[in-house]
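Numbered per this note's numbering, the sequence shown spans residues 544 to 676. Below is one structure, written out as structure tokens; the observations come after it.
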Amino acid sequence: GSLVIGANDAGGRIIAAFTFVTPEDLTHLPVDLREAADVCVDNVANMLGPLASAECLRLTASITYRCLIQAPVQELAELLDIAVGAAAVALAYDDKSVDAVRALAYHTAWDAAVVGQLQRQVLRAIGYSVEHL
């Protein structure tokens, strides 16, 4: 199903709480990994264009960092997967009028099933229950 997370519902508060990243948190990420994450988030932002608000992009970066702090990746492909999954979560949170998975699939030319799977993996990684999705 399509994921809708509102800023004022319990799911939205959980997303906001689990994805908040402090400057101190970022010290746990190697600089090269953080820079690579920024490049991946920028690439996703470029693919989404005006569909993604500044808040959506900020949240995408925060979610990406949170995932990397919890489980650093070794390959760029894994990092891009996290950034796309994070964008799917952030877009669903930021704009309830958009089917985030379908929009990301359209703008990135990735399969919607893959985007949906990445979205669920990222949600799991930040501690959000995805059993009902």
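The beta-carbon is built from N, C-alpha and C at its ideal position, and this holds for glycine as well. Computed from a predicted structure; not experimentally measured.
Can you tell me the Cα-Cα spacing of residue 577 and residue 569, whole angstroms?
8 Å
To the nearest angstrom, how far is it from the Cα of residue 672 to the Cα of residue 662?
12 Å
Look at the Cβ atom of residue 690, then the Cβ atom of residue 643, and state whether they are nearer than 9 Å.
For the chain, the structure presents residues 544 to 676; residue 690 sits outside this window and is missing.
Suppose contacts are defined by Cβ-Cβ distances below 9 Å. Is residue 646 in contact with residue 591 by that definition?
yes
Quick check: what's the CA-CA separation for residue 548 versus residue 575?
Only weak support exists for where residue 548 lies, its pLDDT of 46 falling under 50; the value from the coordinates is given anyway. Those two C-alpha atoms are separated by around 32 Å.
Exposed unless 16 or more other CB atoms sit within 10 angstroms - verdict on residue 565:
exposed
Quick one, which of 637, 596, 641 and 665 has its alpha-carbon nearest residue 621's?
665
Please report the straight-line C-alpha distance between residue 601 and residue 618, rounded to a whole angstrom.
23 Å
Express the C-alpha separation of residue 593 and residue 567 in angstroms, rounding to a whole number.
31 Å
Return the chain-ordered list of same chain residues with a C-beta closer than 7 Å to the C-beta of residue 606, the five sequence neighbours on each side being excluded.
562, 629, 632, 633, 665 and 669
What's the gap between the Cα of residue 613 and the Cα of residue 658?
21 Å
Three-state secondary structure (DSSP) at residue 670?
coil
Have a look at 623, 653 and 610 and flag the residue whose alpha-carbon is nearest the alpha-carbon of residue 571.
610
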